[in-house]
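Report on the following structure.
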Amino acid sequence: MAVNAIDQTRRMLSLVTYLRERPGAHVSDVARAFGITEDELISDLDVLPMCGTSFRGGDLLDIDTDGDRIWWHNPDDVAEPLRLAADEATALLVAARAVATLPGLRESDRQALLRATAKLEAAAGEAAGASSRLSVTFESEGGVFADVDRAISERRRLWLRYYSPARDELTEREVDPIRLFAVGHTYMEAWCRLSEARRTFRLDRVAEIKLLDAPAAPPELELRDLSAGLVQPSADDPEVVVEVGPGGRWVAEYYPHDSAEELPDGGLRITLRTPAPASLRRLALRLGRDGRITAPGDLAENARRAAREALAAYDSDDAQRQH
Numbered sequence: 000m001a002v003n004a005i006d007q008t009r010r011m012l013s014l015v016t017y018l019r020e021r022p023g024a025h026v027s028d029v030a031r032a033f034g035i036t037e038d039e040l041i042s043d044l045d046v047l048p049m050c051g052t053s054f055r056g057g058d059l060l061d062i063d064t065d066g067d068r069i070w071w072h073n074p075d076d077v078a079e080p081l082r083l084a085a086d087e088a089t090a091l092l093v094a095a096r097a098v099a100t101l102p103g104l105r106e107s108d109r110q111a112l113l114r115a116t117a118k119l120e121a122a123a124g125e126a127a128g129a130s131s132r133l134s135v136t137f138e139s140e141g142g143v144f145a146d147v148d149r150a151i152s153e154r155r156r157l158w159l160r161y162y163s164p165a166r167d168e169l170t171e172r173e174v175d176p177i178r179l180f181a182v183g184h185t186y187m188e189a190w191c192r193l194s195e196a197r198r199t200f201r202l203d204r205v206a207e208i209k210l211l212d213a214p215a216a217p218p219e220l221e222l223r224d225l226s227a228g229l230v231q232p233s234a235d236d237p238e239v240v241v242e243v244g245p246g247g248r249w250v251a252e253y254y255p256h257d258s259a260e261e262l263p264d265g266g267l268r269i270t271l272r273t274p275a276p277a278s279l280r281r282l283a284l285r286l287g288r289d290g291r292i293t294a295p296g297d298l299a300e301n302a303r304r305a306a307r308e309a310l311a312a313y314d315s316d317d318a319q320r321q322h
């Protein structure tokens, strides 16, 4: 069964308590206790050492594993009572109140958060008064996340109005959500009823979302391994060559590629693979004078034609404004 982001957070919090009470626990035993694979457990253990009461080295969780057993070297140091400064208490109270207003939040979670907030207010004393005069409004992605998380929890289907950058259009579709994950941006993996295939949706591209009464019933699918990133080109995918100037070198940082050859002007000749070469036309338009597609020839010509059409439309609008 797919695990959503909030469930994973709950698991990792429980894992901290579990490991504190079981020094030297075997990886296999811990994975079995939490109902996850050993690889998933190791992934959690890679994250935990970046957590703690502050970003000072001694305040972070010092947890490591030799692949067989797990050791926590500083449980007493990070378990000391937490003392919040007034500004920290204010920030925490404002954040807690904002999260409690999120649409789609499970009622049990909302009530637990409100109880914790009340305890924090009592402990914060005068600092709590300042927090009551501040408020936070979440961007739309926060509401989308809450709706997707609720749909996963309740096994319900979703209706989306979604922007597809490859086609530059909004489409309406029903999907059965599988999981939430983050790779740079936050995504939902789902079974799309429009295309009858597994699809990945970026939450900030969801223009509208509704929970449906229909139950979600995605087929049994093996979850993709995202450790190497969201985009993982295949050796069988078509090859595309992009030449960029110094201002376009960022392409090599954002796009997985086979090679990046230095050019005399300080630019790069980047060779990459993609199952949908036409989707790179927007990259060519974004690069403008900083780069161009040189191969395959039909894609290069298509990108040049799109650039000419965009420039002609801009010149036409500019002329109309002058009149």
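First residue of the sequence shown: 0, per numbering that gives the first Met the number 0; consecutive thereafter. Just so you know, even glycine gets a beta-carbon here, dropped at the ideal spot from N, CA and C.
Asked                                                                                                                                                                                               : Found
Between Pro245 and Ile292, what straight-line distance do the alpha-carbon atoms span, to the nearest angstrom?                                                                                     : 15 Å
Is Tyr17 helix, strand or coil by DSSP?                                                                                                                                                             : helix
Per DSSP, what kind of secondary structure is Phe137 in: helix, strand or coil?                                                                                                                     : The predicted position of Phe137 is uncertain, since its pLDDT is 47 and thus under 50; no value can be drawn from it.
Hey, out of Asp235, Glu308, Glu153, Ala277, whose CA is closest to Leu211's CA?                                                                                                                     : Glu153
Whether or not the stretch 155-163 and the stretch 213-223 are in contact is what I'm after, with contact meaning three or more pairs of Cβ atoms, one per stretch, closer than 8 Å; do they touch? : yes
Determine the contact status of Leu12 and Asp43, defining contact as a CB-CB distance below 8 Å.                                                                                                    : no
Give the straight-line distance between the Cα atoms of Met0 and Glu173, rounded to the nearest whole angstrom.                                                                                     : Residue placement at Met0 is poorly supported in this model, since its pLDDT is 39, which falls under 50; the coordinates still yield a value, given next. Taking the straight line from one Cα to the other gives about 20 Å.
Taking Cβ positions, are Ala196 and Pro176 nearer each other than 8 Å?                                                                                                                              : no
Helix, strand or coil: how does DSSP classify Tyr254 here?                                                                                                                                          : coil
How is the beta strand (DSSP E) around Leu284 delimited, first residue to last?                                                                                                                     : Looking at the DSSP string, Leu284 is not in any beta strand (DSSP E); the run it does join, the alpha helix (DSSP H), is 280-286.
Which partner residues of Glu207 appear in the DSSP bridge assignment?                                                                                                                              : Arg160
In the DSSP assignment, the alpha helix (DSSP H) including Glu195 goes from what residue to what residue?                                                                                           : Where Glu195 is concerned, there is no enclosing alpha helix (DSSP H), given that its DSSP letter is neither H nor E.
For Arg114, count the other beta carbons within 10 Å of its own beta carbon; 16 or more makes it buried, fewer makes it exposed. Which is it?                                                       : exposed
Do we get a CB-CB distance below 8 Å when we pair Gly246 with the residues of chain C?                                                                                                              : Of the protein chains in this structure there is only one, and it is not chain C.
Can you check DSSP and say which residues form a bridge with Asp264?                                                                                                                                : Looking at the DSSP assignment, Asp264 forms no beta bridge with any residue, so it has no partner.
Are the Cβ atoms of Arg201 and Cys191 separated by less than 8 Å?                                                                                                                                   : no
In chain order, what residues of the same chain lie with their CB nearer than 7 Å to the CB of Pro218, ignoring the 5 residues before and after it?                                                 : Trp190
For the candidate residues Glu37, Leu279, Glu242, Tyr254, whose alpha-carbon lies nearest to that of Pro263?                                                                                        : Glu242
Would you give the residue range spanned by the beta strand (DSSP E) that Arg31 belongs to?                                                                                                         : Unbroken run through Arg31 is the alpha helix (DSSP H), 26-33; no beta strand (DSSP E).
State the Cα-Cα distance for the pair Asp235 and Arg19, rounded to the nearest angstrom.                                                                                                            : 47 Å
Looking only at DSSP bridge pairs, what is His72 linked to?                                                                                                                                         : None, per the DSSP bridge assignment.
When the Cα atoms are used, what is the spatial distance from Ile151 to Val143?                                                                                                                     : 12 Å
Where DSSP assigns a beta bridge to Met187, which residues make up the other side?                                                                                                                  : Leu179, Phe200
Using a Cβ-Cβ cutoff of less than 6 Å, which residues in the same chain neighbour Ala294 once the five nearest sequence positions on both sides are dropped?                                        : Val240
In the structure shown, what three-state DSSP assignment does Ala1 receive?                                                                                                                         : Residue confidence is low: Ala1 scores 41 on pLDDT, short of 50, so the model does not pin down where it sits. Its coordinate-derived value is still stated next. Reduced to three states, the DSSP call for Ala1 is coil.
Please list the terminal residues of the continuous alpha helix (DSSP H) segment that includes Glu37.                                                                                               : 37-46
With distances taken between CB atoms, is the gap from Thr170 to Leu179 smaller than 8 Å?                                                                                                           : no
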